[in-house]
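K.L.:
My questions all concern the structure below.
2 protein chains.
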Amino acid sequence: MTIRTTPPHGTPPPLPPLAGGSGAAEALRPLLDTVLGALATGAAARGGPLPAGGPDAVTARVRAALGDVLPAHGHGDHEALRTLVHVLAAGAADPADPLCAAHLHGPPLAVAVAADLAASALNPSLDSWDQAPAASAIEALVTRALAAELYGTPHPGAPHPDALVTTGGTEANQLALLLARERHRAAGPLTVLHGANAHHSVPRAAWLLGLPAAIEIPTPTGTLHPADLDAALTLARRGGHGPGPGPLLVTATAGTTDAGLIDPLDALADLCARHGADLHVDAAYGGTLALSPRHRHLLSGLDRARSITLDLHKLGWQPVAAGLLAVPDSALLAPLAHQADYLNATDDTEAGLPDLLGRSLRTTRRPDVLKIAVTLRALGRDGLARLIDGTCAAAQQLARLIDAHPGFELHAPPTISTVLFRPVPTDDAALAATRRTLLQGGRAVLGRATADGRLWLKATLLNPHTTTGDLATLLTLLEGSTHR
Amino acid sequence: MTIRTTPPHGTPPPLPPLAGGSGAAEALRPLLDTVLGALATGAAARGGPLPAGGPDAVTARVRAALGDVLPAHGHGDHEALRTLVHVLAAGAADPADPLCAAHLHGPPLAVAVAADLAASALNPSLDSWDQAPAASAIEALVTRALAAELYGTPHPGAPHPDALVTTGGTEANQLALLLARERHRAAGPLTVLHGANAHHSVPRAAWLLGLPAAIEIPTPTGTLHPADLDAALTLARRGGHGPGPGPLLVTATAGTTDAGLIDPLDALADLCARHGADLHVDAAYGGTLALSPRHRHLLSGLDRARSITLDLHKLGWQPVAAGLLAVPDSALLAPLAHQADYLNATDDTEAGLPDLLGRSLRTTRRPDVLKIAVTLRALGRDGLARLIDGTCAAAQQLARLIDAHPGFELHAPPTISTVLFRPVPTDDAALAATRRTLLQGGRAVLGRATADGRLWLKATLLNPHTTTGDLATLLTLLEGSTHR
């Protein structure tokens, strides 16, 4: 007998079904059908890479469709799914559309999205073994394998590379700074140095962690020059925040957000070694080039970092979240060790129950590693390299089309898959307006970046299905929409 | 023409399909069928609430199934999904099984899991409008509606309650401490006070944020007594960390992890007002009682908090992540304001593009709000109240069964849905061993908690489908497994 409140008259309706248990497939199948139907009707209603009309129009449509967010009585499972998934899809900027190419916001693979469903349905939580017996074992195997891709497979008995799963590059950068702060706690407050080309999450993490304000080093050419880092480190060692020279952490970038450039990692690692500074590399964007025999050489020196940020929702085609922070030795993760008796009591740990609480700052944590594991197995090393190489080739192709076109100026040949370019003639204000006009009309999603003192349009190519025809369409569209 | 590397002989196989775009439904449907099939075969292979054999056996099975985590050549989408989803399900602690009742780890509703699929497929990212036009509008409407449930609907022109979406209660508590730190930055370092009954994430957040160590107030009866808080606040005001009395933040709990108890919020709010301290309430577990006319009274005083942690993966039946941090006035979120030109350049914001970056410490962020929105609409206010009331009633029923049983001792009647009890006779070591024996045998997942100086078994009921028969089965199972 189910315990429930029986109304005075009649039988209550059945309780809404759960996603787990023995009847899960029967419960989920019709609901998933409704979701797939609403994804299709929503995409058809949108009819382009993003909805037309701009923020006010989209918000008005959402508000009208939703009405009362928490109604007195339910509309039922199917109506709710139909309504909300349709409105989400009709108002999406779909990264699977080749004309949606602004951000490091990639189109996920169908196989990864299907895998993610299993994570939601079983809802394992990676804060204790008895909430995630298999999920925690999968995570341990996959994170060690990925870390070994970046740091090399260890000899038996040597320290083993390891990685933490994060919500993205931002959390990975936060953890990198936190590990450095704790590693050097006895030596005084940590000073963080980063290029102006670093992701905004690096100085924000210093603020979050209560560290002195991070020191920004200008990067007029888009990458961090060794001579500039040398000067900054020399200065920082003289004027530490404490009584003597405090600990230093340099953050370099492999795949800048604005231009997809890669800092000279080997030269920067040399300097860090000479000055006694730790090196962290934010390779959220560029890190998966390590899986491509053709592009791996671009990351030379990466394995000299004390920690590496990697983000598989970019050049890894995962749905968000799929971040990682890799370290060359799992012992480097010790500062995260933490105890809570209900999750990892000492006698339980001694009796063999794995202690998982030190693998995140989160407590409850979904197994985002599952979709990654499925993707690695489904595609294999050569399948992933093919997607990476194809995406980089598309960016080279776009650059060639722009370079050959009299109406556009190319900033530089792309290093990874980001292309900066401008219509000619234009000025910064007109260029920003062009971008907004494309958004407002629902015609294309392009980004923006400042380089060499000017504003540029930014195309971040992440869709391996993009064709030469799609790229030509993008340029034709721009020709007709440019503010001058 | 797709840009790709064509091998010297023959046509390359098609690229793996994406989850978005016009062919999404056709690409996803067969893969989802494979997932549903593997969820069923995995659950059948498990045959109970969790896998038998303990950590070593589960890890060995996972390792054997996976083999090479990153093979040279891919196994294909279906094989990968079949293999990994089967091994995940076969090794899951399934919260939809009524004998899986250890943690605040609830069984998600099928409708919420189905909705989550749409979030993964379209992959909107909530860090800029042009990555999430509709998703950001849905989030704004739902977070304001939920915050108004806790703080009351504002009069026109009055400050509007608001909420941030987080990865869970832990991140919400971190944000609560961060907002307090920044609000009082000019007044010196923040001192955080919390009961010993508070979630471990509260003192951990103080550490993360570089604050002085949080002050723990003993809670021998399981809740924070006003007299003890009064004494602690008096002491803290005398011996602040700075030159004078610094700012103070008190964290109270509505739904403790160990026993599901609720601190006397009104009395604690009075004391905070008297001492000039801010009050944060961690209502991760108990907060949704606000949606039940029967249980709402338990939260009296909650709306006097400067911030409230809420977590809908507990008594809200969402898959992880589904956390929230609510505040009575959206202006209180100002310390999170942040700029990154590629996401919220000033001229874009002035031209009407919404600035979303100040709604999280993350950058890329998936729309976890979608499944919440769908659930609220599908069930409505009365449907949610029925699940909450039914779950609380199941806990009362379990407590009655225990109280009537000569082989068990009940700690206390439950406040929400947590029941602490012990076999009699037993001692702490034997009780911990009993719990591990049940885990090792794959027979039941129960938690543990210390109260009144002794260790207790903890049953955290979160499954609204649990029947009286299930509860009787649990006690029968325990009778036969108890170490004495």
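Sequence lines, in order, name chains V and P. Start counting the first sequence at 712; every next residue gets the next number (my numbering). Start counting the second sequence at 712; every next residue gets the next number (my numbering). For glycine and all other residues, C-beta sits at the position ideal for the given N, C-alpha and C. Every value quoted in this text rests on a predicted model; they were computed, and no experiment measured them.
Flag this pair as yes or no: are the beta carbons of G879(V) and H1024(V) separated by less than 9 Å?
P.N.:
Position 168 of the first sequence, counted from the first residue, corresponds to residue 879(V). Position 313 of the first sequence, counted from the first residue, corresponds to residue 1024(V). It is a contact, given that the beta carbons lie within the stated cut-off.
K.L.:
Who are V876(P)'s beta bridge partners in DSSP?
P.N.:
Translated into the one-based positions of the second sequence, residue 876(P) becomes position 165. BP columns for V876(P) point to L1035(P).
K.L.:
Out of L935(P), D941(P), L901(P) and P958(P), state which residue places its alpha-carbon closest to the alpha-carbon of P923(P).
P.N.:
The residue labelled residue 923(P) in the question sits at position 212 within the second sequence. Residue L901(P) is the option with its Cα nearest to P923(P).
K.L.:
Looking only at its own chain, which residues have a Cβ that is under 7 Å from the Cβ of I1099(P), when we skip the five neighbours before and after it?
P.N.:
Here residue 1099(P) refers to the residue found at position 388 when the second sequence is read from its first residue. Contacts found: T999, L1000, L1002, S1003, H1006 and L1026.
K.L.:
Per DSSP, which one or two residues make a beta bridge with S1018(P)?
P.N.:
On the second sequence, position 307 is the one that residue 1018(P) refers to. According to DSSP, S1018(P) bridges with H991(P).
K.L.:
Count the other C-beta atoms from every protein chain shown that fall within 10 angstroms of the C-beta of E860(V), then say buried if there are 16 or more, exposed otherwise.
P.N.:
In the first sequence, counting from the first residue as 1, residue 860(V) sits at position 149. Buried, by the Cβ-count rule.
K.L.:
Could you tell me if V796(P) is buried or exposed, where buried requires 16 or more neighbouring beta carbons within 10 angstroms of its beta carbon?
P.N.:
Working through the second sequence from its first residue, we reach residue 796(P) at position 85. It counts as buried.
K.L.:
Using 9 Å as the threshold, is the C-beta distance between P727(V) and L1090(P) below it?
P.N.:
As a first step, residue 727(V) is located in the first sequence; it is residue number 16 there, counting from the start. As a first step, residue 1090(P) is located in the second sequence; it is residue number 379 there, counting from the start. Yes, the Cβ-Cβ distance between P727(V) and L1090(P) is below 9 Å.
K.L.:
Kindly indicate which residue of G731(V), L1142(V) and A942(V) has the alpha-carbon position closest to the one of V1198(P).
P.N.:
Since the first residue shown for chain P is 712 and the last is 1195, residue 1198(P) is missing from the structure and cannot be characterised.
K.L.:
In whole angstroms, what separates the C-alpha of A843(V) from that of R1076(V)?
P.N.:
By one-based count along the first sequence, residue 843(V) stands at place 132. By one-based count along the first sequence, residue 1076(V) stands at place 365. Their backbone Cα atoms lie some 10 Å apart in a straight line.
K.L.:
Could you check which residue in L940(V), R1097(V), E1120(V) and T1171(V) has the C-alpha nearest to that of T1129(V)?
P.N.:
The residue labelled residue 1129(V) in the question sits at position 418 within the first sequence. Nearest of L940(V), R1097(V), E1120(V) and T1171(V) to T1129(V), Cα basis: T1171(V).
K.L.:
How many angstroms separate the CA atom of L886(P) from the CA atom of L1168(P)?
P.N.:
Translated into positions along the second sequence, residue 886(P) becomes position 175. Translated into positions along the second sequence, residue 1168(P) becomes position 457. The alpha-carbon atoms of L886(P) and L1168(P) are separated by roughly 32 Å.
K.L.:
Across the segment 844-856 of chain P and the segment 798-810 of chain V, are there enough close Cβ pairs to call them in contact, namely three or more that are closer than 8 Å?
P.N.:
A contact exists between the segment 844-856 of chain P and the segment 798-810 of chain V.
K.L.:
Could you name the residues of the same chain whose beta carbon sits closer than 8 Å to that of D831(P), not counting the 5 residues immediately before and after it, in chain order?
P.N.:
For the purposes of this step, residue 831(P) is taken as the residue at position 120 of the second sequence. The sequence shown places Ser at residue 831(P), not Asp. A730 and R1077, listed in sequence order.
K.L.:
Let me check one thing: in DSSP terms, what residues is H910(P) bridge-paired to?
P.N.:
For the purposes of this step, residue 910(P) is taken as the residue at position 199 of the second sequence. According to DSSP, which records beta bridges pairwise, H910(P) is partnered with nothing at all.
K.L.:
Have a look at the DSSP bridge pairing and note the partners of W1167(V).
P.N.:
One-based indexing of the first sequence puts residue 1167(V) at position 456. A1160(V), per the DSSP bridge assignment.
K.L.:
Could you tell me which uninterrupted alpha helix (DSSP H) segments, each at least 4 residues in length, are contained entirely in the segment 881-958 of chain P, listed from first to last along the chain?
P.N.:
912-919 and 937-949
K.L.:
Does any CB atom of chain P fall closer than 9 Å to the CB of Y1053(V)?
P.N.:
As a first step, residue 1053(V) is located in the first sequence; it is residue number 342 there, counting from the start. It does: the Cβ of Y1053(V) has a partner Cβ on chain P nearer than 9 Å.
K.L.:
Taking the CB atoms as reference points, tell me whether I973(V) and A965(V) lie closer together than 9 Å.
P.N.:
Residue 973(V) sits at position 262 when you count from the first residue of the first sequence. Residue 965(V) sits at position 254 when you count from the first residue of the first sequence. Contact flag set, yes.
K.L.:
Check whether the Cβ of P727(P) lies closer than 9 Å to any Cβ atom in chain V.
P.N.:
Residue 727(P) sits at position 16 when you count from the first residue of the second sequence. Taking Cβ atoms only, chain V reaches closer than 9 Å to P727(P), which makes this a yes.
K.L.:
For chain V, check one thing: does any of its Cβ atoms lie closer than 9 Å to the Cβ of P867(P)?
P.N.:
Against the second sequence, residue 867(P) aligns to sequence position 156. No, its Cβ sits nowhere closer than 9 Å to a Cβ of chain V.
K.L.:
Is there a Cβ from chain V that is less than 9 Å from the Cβ of R715(P)?
P.N.:
Sequence index remark: in the second sequence, residue 715(P) carries index 4 (1-based). Confidence at R715(P) is low in this model, with a pLDDT of 46, below 50, so its placement is unreliable and no value can be given for it.
K.L.:
Taking a contact to mean a Cβ-Cβ separation below 9 Å, would you say N1174(V) touches G817(V) in this structure?
P.N.:
Walking along the first sequence from the start, residue 1174(V) turns up at place 463. Walking along the first sequence from the start, residue 817(V) turns up at place 106. A contact, by the Cβ cut-off of 9 Å.
K.L.:
So if I threshold CB-CB distances at 8 Å, which residues from the segment 952-974 of chain P count as touching chain V?
P.N.:
When C-beta distances to chain V are compared with 8 Å, the residues of the segment 952-974 of chain P below that value are T968 and D969, in chain order.
K.L.:
Apart from the five residues just before and just after A1160(V), which ones in its own chain have a Cβ nearer than 7 Å to its Cβ?
P.N.:
Start at 1 with the first residue of the first sequence, and residue 1160(V) comes out as number 449. Contacts found: D969, A970, L1131, W1167 and K1169.
K.L.:
Assign G753(P) to one of two classes, buried (16 or more other C-beta atoms within 10 Å of its C-beta) or exposed (fewer than that).
P.N.:
Stepping through the second sequence from its first residue, residue 753(P) is reached at position 42. The residue is buried, with at least 16 neighbouring Cβ atoms inside 10 Å.
K.L.:
Please compile the residues from chain P whose C-beta is within a distance smaller than 7 Å of the C-beta of W840(V).
P.N.:
As a working mapping, residue 840(V) is identified with position 129 in the first sequence. P766, listed in chain order.
K.L.:
Answer yes or no: does any C-beta atom of chain V fall closer than 9 Å to that of M712(P)?
P.N.:
In the second sequence, counting from the first residue as 1, residue 712(P) sits at position 1. Low confidence applies to M712(P): its pLDDT is 39, below 50, so where it sits in the model is not reliable enough to give any reading.
K.L.:
Only counting the same chain, and skipping five residues up and downstream in sequence, which positions put a Cβ closer than 6 Å to that of S1011(P)?
P.N.:
As a first step, residue 1011(P) is located in the second sequence; it is residue number 300 there, counting from the start. Listed in chain order, the non-local C-beta contacts of S1011(P) below 6 Å within the same chain comprise D977, local neighbours out to five positions each way being set aside.
K.L.:
Residue ranges of each beta strand (DSSP E) run of no fewer than 3 residues wholly in the segment 812-880 of chain V, ordered along the chain?
P.N.:
873-877
K.L.:
By the DSSP assignment, the alpha helix (DSSP H) with R1097(P) in it spans what residues?
P.N.:
As a first step, residue 1097(P) is located in the second sequence; it is residue number 386 there, counting from the start. Segment V1080 to A1115, the alpha helix (DSSP H) holding R1097(P).
K.L.:
For the beta strand (DSSP E) containing T1129(P), list its first residue and its last residue.
P.N.:
Stepping through the second sequence from its first residue, residue 1129(P) is reached at position 418. Unbroken beta strand (DSSP E) run through T1129(P): T1129 to P1134.
K.L.:
So, are the CB atoms of L888(P) and V876(P) less than 9 Å apart?
P.N.:
Residue mapping note: residue 888(P) aligns to position 177 of the second sequence, counting from 1. Residue mapping note: residue 876(P) aligns to position 165 of the second sequence, counting from 1. No, the Cβ-Cβ distance between L888(P) and V876(P) is not below 9 Å.
K.L.:
Return the residues of the segment 1110-1136 of chain V that lie within a Cβ-Cβ distance of less than 8 Å from chain P, sorted by chain order.
P.N.:
Here the close residues number zero.
K.L.:
Bridge partners of V798(P), per DSSP?
P.N.:
Here the question's residue 798(P) lines up with position 87 in the second sequence. Paired residues: none, contrary to the question.
K.L.:
Quick one: Cα of P724(V) to Cα of V780(V), how far?
P.N.:
As a first step, residue 724(V) must be located in the first sequence, where it is residue number 13. As a first step, residue 780(V) must be located in the first sequence, where it is residue number 69. So the two alpha carbons sit approximately 22 Å from each other.
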